[in-house]
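Peer 1:
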Amino acid sequence: MMALKVNGRDHQVDADPDTPLLYVLRDDLALNAAKFGCGLGQCGACTVIVDNKAVLSCVTPLLLVEGKQVTTLEGLGTVAAPAPIQRAFMEEQAAQCGYCIAGMMMRAQALLMRNPKPSDAQIRAELEPHLCRCGTHMRILRAVHRAARLMDTADASDRSVR
Amino acid sequence: MTAPVVLDRRSVLAGGGALIVSFSLRRAGAQEKAAQGPKLPGSLATSPNLDSWIRIDADGQITAFTGKAELGQGFRTAFQQIAAEQLDIPFDALKVITADTKLTANEGYTSGSHSMQDSGTAILHAAAQARALLVAEAARQFDLPPDGLRTESAVVIAPDGRRLSYGELVASDLLHVEAQPTSHLKDPASFKVMGQPVPRVDIPAKVTGGAAYVQDMRLPGMVHARVVRPPSYGAQLSECDTAAIEKMPGVIGIVRDGNFLAVVAEKEFSAVKAMKALSAAAKWRESAKLPNQQDLANALTALPSQDFAIFERSDPAVNGARSLEATYTRPYQSHGSIGPSCAVAQFVDGAMTVWTHTQGVYPDRQAIAEMLGMPQSSVRLIHVEGSGCYGHNGADDAAADAALIARALPGRPIRVQWMREQEHGWEPYGPAMVTKLSASLTEDGRIADWNFAVWSNTHSMRPGGAGSLLAAQHMARSFAVPAPKPLPLPEGGGDRNAIPIYNFPNAHVMHHFIPTMPLRISAMRALGAYHNVFSIESFMDELAGLAGDDPVAFRLKHLDDARGRAVVETAAREFGWTRGQKPPQNRGYGFAFARYKNLAAYCAIATEVEVDRETGRARLVRAVAAVDAGQVVNPDGITNQIEGAIVQSTSWTLYESVTFDDTRITSIDWQTYPILRFDAVPDSIAVHIINRPGQPFLGSGETGQGPAAASLANAIADATGKRLRDLPLSRKRIKDAIDA
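So the sequence lines, in the order shown, correspond to chains A and B. The opening position of the first sequence corresponds to residue 1 in this note's numbering, with each subsequent residue numbered one higher. The opening position of the second sequence corresponds to residue 1001 in this note's numbering, with each subsequent residue numbered one higher.
Set out below in structure tokens:
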């Protein structure tokens, strides 16, 4: 058994230590967002956040994330109460098939957590490991910019409440 | 023993007590009638009952049905808009059920930009006619003339204030009728839902981790399978000792049937590990039979072909003086879905259910039933979204894999997930093509005669018969690959868009159909139109150059179609195109135009590219598109499709080529088959839609592929002074051309 903290909850997982985190998230914890795209770390569809950093879960063995904080797209918000990044992708209609989108959003989220006001060039550079085959890139870029604005507004209103 | 029958739509509806249709009987009757009367609109022609499309239950629940599959194009939302508009109900007051052999009409494949035209049109008319029937029924109950009644939010309202809801009115057999050829459609000026950029209904789940794909299905008791595919086409399994693998932890069983090999395990990663072990244990006999990739164009044109003269126009009075000829080539290209194909199947009490991202639940059901030797009535296929496919990828094959494995392990739902190298190595590619063009110009710089010849395989090897499925080809009682056929015009396959839309006094178009298929191929977004439009629109620029004319003006000089002209003029104006324009250093401007299939949406694209002369790297800087897709249902949906088409076609055009040696496919992942990444994403893409209220829907999903390719090629030629005619327009080819 391995101990794992995902989206703020502790889990005991019956999986071998060499099991890629992706399979644990999808198969053992029934989480949908992280996607199998290549299993080779080439496309970014499986991206999740581990201790504030974007990680390719398809090539990250469970062994390496034991005791760390794993966040998936499910951990950010819901349809009823979406996180800023989720609201932004909905408002920009930034998906076609959407299969790559969860991974894109997680890397963008990790970027915005450490750099709340990234430039367009910084966003493009950050998303370089990610593939989208539908060609939704323009909308994805717009959505990340929008998410940055939404987070900024949310922070400001938080401060005003305090 | 007769096989159990999966309940069909007819018996289900009869059981549900809402609207009862005799689906198959009425259909047969309708076909007889169709021979006599006018053709019904869209897919009503093949499924004429109104309640095949619109169902209203006594409790007021409203459902629209489509036999088409949502592939990420967003038409589930567009269909909901159409039905809501014509029924006069709020957008949220209905839901849409998509392709399912138990519930929806048979609309064949979701392909060819046909969904709006076929299914959208059927829903438009069925909803309008359903509303008219509801109003007529209310008039009867109110004892008032129908003209004075109005509808609002699923209620018919009389001038005196009396109200009857749709649910109350439909309690009888109201919608159990065949459609009429014409409908009283709402005036487009009064539209509230159609024409609006309604947010897509599928996006919220996709951005919050909801279950959105077949990959996300988790049925009770479900287990995981992986297939071990042969290393090359035609390889024979000679030896495979499975004893050690069967003992691996979590392994439930191994399925071996001829050259078909799969393993099933309780957990997904156990299945992956067992697959790797099984793959290492399997010994195959392979044979070298792939063509020489370095000489692909000659290898293709040397194959035997069936030759068709598909267009002839002759005006002996017009003669050309200066002439030009050119050959253009396209390699095999991958659909390259980001998610490899996946399916879930369950075999219970002799009945097979398959959840699949196939584009055609009915044809795939036919193929799977044939493969399994089961009656079609015992097989149900349910479409569940997968990763975007852009044509015939591994979806149908994964569905067949799952069904074959499920039959071997009855009871438990079997989830088959292809691996990356399986999708890249085994998907049916977009076919390689060769075009040869020649033309001459009159003294005053107009095209006098035009000759176009295209060499191509078919562009559809989709199922219908079992032989199209890999599992059926590989099993011991194997099914032969069906003989390929050229797809008929006017839509065509290899000759799609081979006939020019321009008005030339003399024109000859030849289609050299090549039956031999050295690589596994099938339908990829836009079929032959991608290469044919690339060729025609590149050559138009070459001829404009010879004539000393501006590329846009030269096109307009030969274009009579008023809607086509409007699209060309709009794209040019919005781009800021001017005669004699001078791009900045190392940049170029390009233009291209087509009407997809010469009968669907019009699209013109102007581009600006930047070429690094040191490396040969070309980057699309900006693109401006104009599109006419007829009556617009969801403008943001069209914009999304065109933006995506431009980016995807840019990737095909600049980077992509399937690679192979004499035996094996060697482009098997994203390292060996690179596609566009964010560093190549343009600064901007602008899409200008020309709405045509009241005009038929023209599918827009594929119209951008060809124009984007040619526009890029023309811009690169403008930037470098060099014309590239072999796809992809790779960094090396551009660099070599610059250095030549």
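Ideal Cβ placement from N, Cα and C applies to all residues, glycine included. Because the structure is a prediction, the values reported are computed rather than measured.
With DSSP as the reference, label residue 15 of chain A as helix, strand or coil.
Peer 2: Mapped onto the first sequence, residue 15 of chain A falls at position 15. The answer is coil: DSSP assigns residue 15 of chain A none of H, G, I, E or B.
Peer 1: Hey, out of B/1221, B/1193, B/1057, B/1151, whose CA is closest to residue 1167 of chain B's CA?
Peer 2: Looking up residue 1167 of chain B in the second sequence gives position 167. Taking only the C-alpha atoms, the option nearest residue 1167 of chain B is B/1057.
Peer 1: Quick one, which of A/57, A/9, A/16, A/135 has its alpha-carbon nearest residue 94 of chain A's?
Peer 2: If you number the first sequence from 1, residue 94 of chain A lands on position 94. Residue 94 of chain A has its Cα closest to that of A/135, out of A/57, A/9, A/16, A/135.
Peer 1: Cβ-heavy atom distance between residue 144 of chain A and the ligand SAH below 7 Å?
Peer 2: With respect to the ligand SAH, the structure shown offers nothing to examine, as it has no ligands at all.
Peer 1: Relative to chain A, which residues along the region 1258-1277 of chain B have a C-beta separation below 7 Å, given in chain order?
Peer 2: Within the region 1258-1277 of chain B, the residues whose Cβ lies closer than 7 Å to some Cβ of chain A are 1267, 1268, 1269, listed in chain order.
Peer 1: Within 8 Å (strictly less), CB to CB, does residue 1589 of chain B reach chain A?
Peer 2: Against the second sequence, residue 1589 of chain B aligns to sequence position 589. For residue 1589 of chain B, the answer is no, since every Cβ of chain A falls outside 8 Å of its Cβ.
Peer 1: Starting from residue 1213 of chain B, find everything on chain A with Cβ-Cβ shorter than 9 Å and list it in chain order.
Peer 2: Indexing the second sequence from 1 puts residue 1213 of chain B at position 213. Simply 32, 35, 97, 98, 99.
Peer 1: Does residue 1147 of chain B pass the burial test, meaning 16 or more other C-beta atoms within 10 Å, or should it be called exposed?
Peer 2: In the second sequence, residue 1147 of chain B corresponds to position 147, counting from 1. With fewer than 16 Cβ atoms within 10 Å of its Cβ, residue 1147 of chain B is classed as exposed.
Peer 1: According to DSSP, is residue 1087 of chain B helix, strand or coil?
Peer 2: As a position in the second sequence, residue 1087 of chain B is number 87, starting the count at 1. In the structure shown, residue 1087 of chain B sits in a helix (DSSP, three-state: H, G or I).
Peer 1: Measuring only between beta-carbons, confirm whether residue 1645 of chain B sits less than 8 Å from chain A.
Peer 2: Counting from 1 along the second sequence, the entry for residue 1645 of chain B is found at position 645. Interface residue, yes.
Peer 1: Indicate the three-state DSSP secondary structure (helix, strand or coil) for residue 9 of chain A in the structure shown.
Peer 2: The residue labelled residue 9 of chain A in the question sits at position 9 within the first sequence. Residue state, collapsed to three classes: strand.
Peer 1: Would a C-beta distance cut-off of 8 Å place residue 127 of chain A and residue 104 of chain A closer than the cut-off?
Peer 2: Translated into the one-based positions of the first sequence, residue 127 of chain A becomes position 127. Translated into the one-based positions of the first sequence, residue 104 of chain A becomes position 104. Yes, Cβ-Cβ distance for residue 127 of chain A and residue 104 of chain A is below 8 Å.
Peer 1: Using alpha carbons as the reference points, say which of B/1353, B/1431, B/1559 lies closest to residue 1496 of chain B.
Peer 2: As a working note, residue 1496 of chain B is residue 496 in the second sequence. Checking every option, the nearest Cα to that of residue 1496 of chain B belongs to B/1431.
Peer 1: Starting from residue 1590 of chain B, trace the alpha helix (DSSP H) in both directions and tell me its first and last residue.
Peer 2: As a first step, residue 1590 of chain B must be located in the second sequence, where it is residue number 590. Counting along the chain, residue 1590 of chain B falls outside any alpha helix (DSSP H), though it belongs to the beta strand (DSSP E) covering 1587-1595.
Peer 1: For residue 1081 of chain B, which three-state DSSP category applies?
Peer 2: For this step, residue 1081 of chain B is matched to residue 81 along the second sequence. In this structure, residue 1081 of chain B counts as helix in the three-state DSSP scheme.
Peer 1: Quick one: which unbroken beta strand (DSSP E) runs of 3-plus residues sit fully inside the region 1107-1185 of chain B? Chain order, please.
Peer 2: Within the region 1107-1185 of chain B, the complete beta strand (DSSP E) runs of at least 3 residues are 1150-1152, 1155-1157, 1163-1165.
Peer 1: What is the residue span of the alpha helix (DSSP H) that residue 1529 of chain B lies within?
Peer 2: To locate residue 1529 of chain B, count along the second sequence from 1; it is residue 529. 1529-1547 is the extent of the alpha helix (DSSP H) around residue 1529 of chain B.
Peer 1: Counting only Cβ pairs nearer than 8 Å, list the residues of chain B close to residue 79 of chain A.
Peer 2: Counting from 1 along the first sequence, the entry for residue 79 of chain A is found at position 79. Result: 1204, 1205, 1208, 1210.
Peer 1: Using only the alpha-carbon positions, how far apart do residue 1447 of chain B and residue 1491 of chain B sit?
Peer 2: For the purposes of this step, residue 1447 of chain B is taken as residue 447 along the second sequence, with counting starting at 1. For the purposes of this step, residue 1491 of chain B is taken as residue 491 along the second sequence, with counting starting at 1. Rounded to the nearest angstrom, the two C-alpha atoms are 25 Å apart.
Peer 1: If contact is defined by three or more beta carbon pairs under 8 Å, each pair taking one atom from either stretch, is the region 1134-1149 of chain B in contact with the region 1039-1053 of chain B?
Peer 2: At 8 Å Cβ cutoff, the stretches do not touch.
Peer 1: Just the chain B side, please: which residues come within less than 9 Å of residue 82 of chain A by C-beta, in chain order?
Peer 2: The count along the first sequence starts at 1 and reaches residue 82 of chain A at position 82. In chain order: 1204, 1207, 1208.
Peer 1: Suppose only complete runs of 4+ residues qualify. What are the alpha helix (DSSP H) ranges in the region 47-83 of chain A, listed by chain order?
Peer 2: The region 47-83 of chain A contains these whole alpha helix (DSSP H) runs: 62-65.
Peer 1: Quick one: is residue 1097 of chain B near chain A, going by C-beta distance under 8 Å?
Peer 2: Position 97 of the second sequence, counted from the start, is the residue given in the question as residue 1097 of chain B. No, because no Cβ of chain A sits closer than 8 Å to the Cβ of residue 1097 of chain B.
Peer 1: Helix, strand or coil for residue 89 of chain A per DSSP?
Peer 2: If you number the first sequence from 1, residue 89 of chain A lands on position 89. If DSSP states are grouped into helix, strand and coil, residue 89 of chain A belongs with the helices.
Peer 1: By how many angstroms is the C-alpha of residue 30 of chain A removed from the C-alpha of residue 12 of chain A?
Peer 2: For this step, residue 12 of chain A is matched to residue 12 along the first sequence. For this step, residue 30 of chain A is matched to residue 30 along the first sequence. Each residue's Cα considered, the two are about 14 Å apart.
Peer 1: Is the distance from the Cβ of residue 151 of chain A to the Cβ of residue 112 of chain A below 8 Å?
Peer 2: In the first sequence, counting from the first residue as 1, residue 151 of chain A sits at position 151. In the first sequence, counting from the first residue as 1, residue 112 of chain A sits at position 112. For residue 151 of chain A and residue 112 of chain A, yes; Cβs fall inside 8 Å.
Peer 1: So, with DSSP's three-state summary, where would you put residue 1301 of chain B?
Peer 2: Taking the second sequence and counting its residues from 1, the one referred to as residue 1301 of chain B is at position 301. The answer is helix: DSSP assigns residue 1301 of chain B an H, G or I state.
Peer 1: Count the CB pairs spanning the region 1353-1371 of chain B and the region 1456-1472 of chain B that are closer than 8 Å, and state whether there are at least three.
Peer 2: With a cut-off of 8 Å, the region 1456-1472 of chain B and the region 1353-1371 of chain B count as touching, because enough Cβ pairs lie within range.
Peer 1: Could you tell me whether the Cβ of residue 1112 of chain B comes closer than 8 Å to any Cβ of chain A?
Peer 2: The residue labelled residue 1112 of chain B in the question sits at position 112 within the second sequence. Output row for residue 1112 of chain B: interface = no.
Peer 1: List, in chain order, every chain B residue whose beta-carbon is nearer than 7 Å to that of residue 60 of chain A.
Peer 2: Mapped onto the first sequence, residue 60 of chain A falls at position 60. Within chain B, no residue comes near residue 60 of chain A; the closest Cβ sits about 13 Å away, beyond 7 Å.
Peer 1: Residue 26 of chain A: which of A/49, A/57, A/18, A/51 sits nearest, CA to CA?
Peer 2: Within the first sequence, residue 26 of chain A is the residue found at index 26, counting from 1. It is A/57 whose Cα lies nearest to the Cα of residue 26 of chain A.
Peer 1: Which residues of the region 1660-1687 of chain B have a Cβ closer than 7 Å to any Cβ of chain A? Give them in chain order.
Peer 2: Listed by position, the residues of the region 1660-1687 of chain B near chain A (Cβ gap below 7 Å) are 1669, 1670, 1671, 1675, 1677, 1678, 1679, 1681, 1685.
Peer 1: Going by DSSP, which residues form a beta bridge with residue 1630 of chain B?
Peer 2: Working through the second sequence from its first residue, we reach residue 1630 of chain B at position 630. Paired residues: B/1697.
Peer 1: Using a Cβ-Cβ cutoff of less than 7 Å, which residues in the same chain neighbour residue 1563 of chain B once the five nearest sequence positions on both sides are dropped?
Peer 2: Within the second sequence, numbered from 1, the residue matching residue 1563 of chain B stands at position 563. So the list reads 1602, 1628, once near-sequence residues are dropped.
Peer 1: Just the chain B side, please: which residues come within less than 9 Å of residue 128 of chain A by C-beta, in chain order?
Peer 2: The sequence position of residue 128 of chain A within the first sequence is 128, counting from 1. Neighbours of residue 128 of chain A on chain B, chain order: 1677, 1678, 1679.
Peer 1: From the DSSP output, in three-state form, read off residue 1276 of chain B for me.
Peer 2: Residue mapping note: residue 1276 of chain B aligns to position 276 of the second sequence, counting from 1. DSSP places residue 1276 of chain B in helix when its eight states are reduced to three.
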